[in-house]
Amino acid sequence: MIDLTKAATVFIGRQGEHHYRNIKFDVSSLLEDDHPSASLTAIYKRPDGIAYPVVTTYSDGVLTWSPSATDTLQVGVGRLEIRVTDGDVVGKSVRILTIVEDALEDGIVDPPEPPAQEWLNQVLSVLAELDVDEINSLLNLIYGLLNNNYELLNTTHDRLDETYELLSTTNGTVDDTHNLLITIQGLLEDNYSLLSGNYNLLNMTHSKMEAMRDTLFMRTAILLNHMHPIETATAPDMISRRASITFTSIANGNNVVIGTVTYTFVTALGSPNANNVQILIQDTLRNTVKKLAEAIRGVQDVTSIAYGIGTEENPVCTAYWTRQRCSIGDITVAPGESLFILEKAENATTTITLTTNAAATANSFSRVSYLRYVLSGNVSGSGGANSVRGPLHTILPIGSVVIGGQDGLHYPATYDCHLLTLCRQSDTSEKELDLYISNDEETFTKISRSTPIGYNTATEALHNHIQLRQARIPAGYGLYACVGSDGTSSCAYCDLKFTYHLYPVALTNDANE
């Protein structure tokens, strides 16, 4: 009888046997009480891989299979699986390994030779040497040992009976103790629930107090940094020079020379020489100009930028992309795909080369003290009734506000533009300024609206200081201005300077804070 609950290996016959053996399986574990009306089938897979149902009989929980010549056709290891089916319910037994052994081939005509007389004589000689008395003594000794073991087993049985009685008594005591422990457990669980509630309340209170403490510390630090900033800067300033270059198209082989480094645009990166950088032309002009800015800053991008031996970031300047209108002193740079280029050194006078053979307009390095905003939104109309704000104008490009200056590690910082200086104006019309921020120049967020910046004189070196109040600007965001007036001249302008202070890394925030 084969137990289906255990893995088994069954010998079902020799090759070619036909209904010679009856193999019985205990299928009670498959049927159980839940499926009394289920049907049973057996699936046999021969050693050659062919699987098919086989004929079986069932009686009193036993399934019988008599392998046929078809089942024993192939020598080797096969598999048998018994399945129970009750409506939609299908159960399967463990797989049983089946073995068919080979048999002697038919067709033997001549009988084998009789055993040699010499071999028979050797066997008879060995049998004659056996000592029957010694064998009887050994059997008697074994019989005596068996009797001793029997007596020992009887003694052990008596001891087990005594132990069982002791365990029964102990079990009653354990049951009483168990009931007492259950009662104590209930009381402890009630106390635990109460303590857990108090613990959670204390944790919540502690978390809120920590959050209040951290918020208080942060706001105190922000106020202290606002009153005593770690670093203050002005844009633009005269301590370093600035330049710009605006591209209308870039072709394979075009280059830009800044200082001693040549940046060449290619369709496939190679291995440039020292003081040379190759930039892979991107899918759009905008993305190509952005890659040029990254190459000037020394950004590592092996898929789009290849630096020559010993060449990293540009030693004399850094650059940022913008597509908004900007200015280099009184030169207005029209909106387009532009590089906003800043000198690293301070108080330097050495000429910095800036040339290109691409389709572009370049404004060479110059020392400027103001940003000129042309009021191109002005139109004719009584009292400037038809005049509107001018276009967005880049003050600080995306990612250009860094702790330690442009010659440092270029770590973007949160900043706060707190002072606007009106250096000069072409007329005395009433003017208002709006400030915007953006980190992609696609979406702009207004952070300051309609700050009045007009004055009653148009003299040189006006330097009218105007305090600004707005939210802190997240790290990496650029700053942009729109100015409008009640004037009617689209050529009118105002020259501006923006002073801002930087927050340390610990106070850097993102756009969602």
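Residue numbering for the sequence shown follows the working numbering, starting at 1208 and increasing by one per position.
Heads up, the beta-carbon is just placed ideally off N, CA and C, and yes, glycines get one too.
- request: Determine, using beta carbons only, whether Pro-1443 and Leu-1578 come nearer to each other than 9 Å.
  value: yes
query: Should Ile-1503 go down as buried or exposed, given a rule of 16 or more other Cβ atoms within 10 Å for buried?
result: Under this definition Ile-1503 is a buried residue.
field: DSSP three-state assignment for Asn-1378, whether helix, strand or coil
entry: helix
- prompt: Cα separation between Arg-1676 and Val-1484?
  reply: Pairing Arg-1676 with Val-1484, the inter-Cα distance amounts to about 43 Å.
message: According to DSSP, simplified to helix, strand and coil, what is Gln-1507?
response: When DSSP states are grouped into helix, strand and coil, Gln-1507 belongs to the coil group.
field: Proximity of Thr-1723 and Ile-1548 at Cβ, strictly below 9 Å
entry: With the chain running from 1208 to 1720 in the structure shown, residue 1723 is simply not present.
query: Closest by CA to Thr-1453, which one among Thr-1539, Leu-1626, Glu-1372, Glu-1417?
result: Thr-1539
message: At a threshold of 8 Å, does Leu-1561 count as lining the ligand MG (C-beta to nearest heavy atom)?
response: As for the ligand MG, it is missing from this structure, which has no ligand bound.
query: Is the Cβ-Cβ distance between Tyr-1710 and Tyr-1622 less than 9 Å?
result: yes
message: Just to confirm before moving on: does the CB-CB distance between Pro-1274 and Val-1282 stay below 9 Å?
response: no
query: In angstroms, rounded to a whole number, what distance separates the CA positions of Gly-1256 and Gly-1285?
result: 8 Å
field: CA-to-CA distance, Gln-1392 to Leu-1238, given in whole angstroms
entry: 42 Å
query: Hey, would you say Arg-1531 sits closer than 9 Å to Thr-1601, going by beta carbons?
result: Sequence check: residue 1531 is Gln here, not Arg. For Gln-1531 and Thr-1601, yes; Cβs fall inside 9 Å.
task: Compute the beta-carbon to beta-carbon distance between Tyr-1527 and Ile-1605, rounded to the nearest angstrom, for a pair I have assumed lies under 8 Å.
output: 6 Å
- prompt: Can you tell me whether DSSP reads Leu-1371 as helix, strand or coil?
  reply: Note on residue identity: the sequence assigns Tyr, not Leu, to residue 1371. Helix.
Rounded separation between Ser-1723 and Ile-1446 - CA only: Nothing can be reported for residue 1723: it is not among the residues displayed for the chain, which extend from 1208 to 1720.
- request: Please go through the same chain and pick out, in chain order, the residues whose beta-carbon is closer than 6 Å to the beta-carbon of Thr-1455, but skip the five residues on each side of it.
  value: Only residues of its own chain outside the window of five on either side were considered, and among them Ala-1566 have a CB closer than 6 Å to the CB of Thr-1455, listed in chain order.
message: Can you list, in chain order, the residues of its chain with a C-beta nearer than 7 Å to that of Ser-1300? Leave out the 5 residues immediately preceding and following it.
response: These residues qualify, in order along the chain: Leu-1211, Leu-1237, Glu-1288, Ile-1289.
query: When the Cα atoms are used, what is the spatial distance from Leu-1365 to Leu-1374?
result: Checking the sequence, you will find Asp at residue 1365 rather than Leu. Distance between the alpha carbons of Asp-1365 and Leu-1374: 14 Å.
Range covered by the alpha helix (DSSP H) that runs through Ser-1235: 1235-1238
- prompt: Measuring CA to CA, which of Leu-1627, Asp-1634, His-1672 is closest to Tyr-1687?
  reply: Leu-1627
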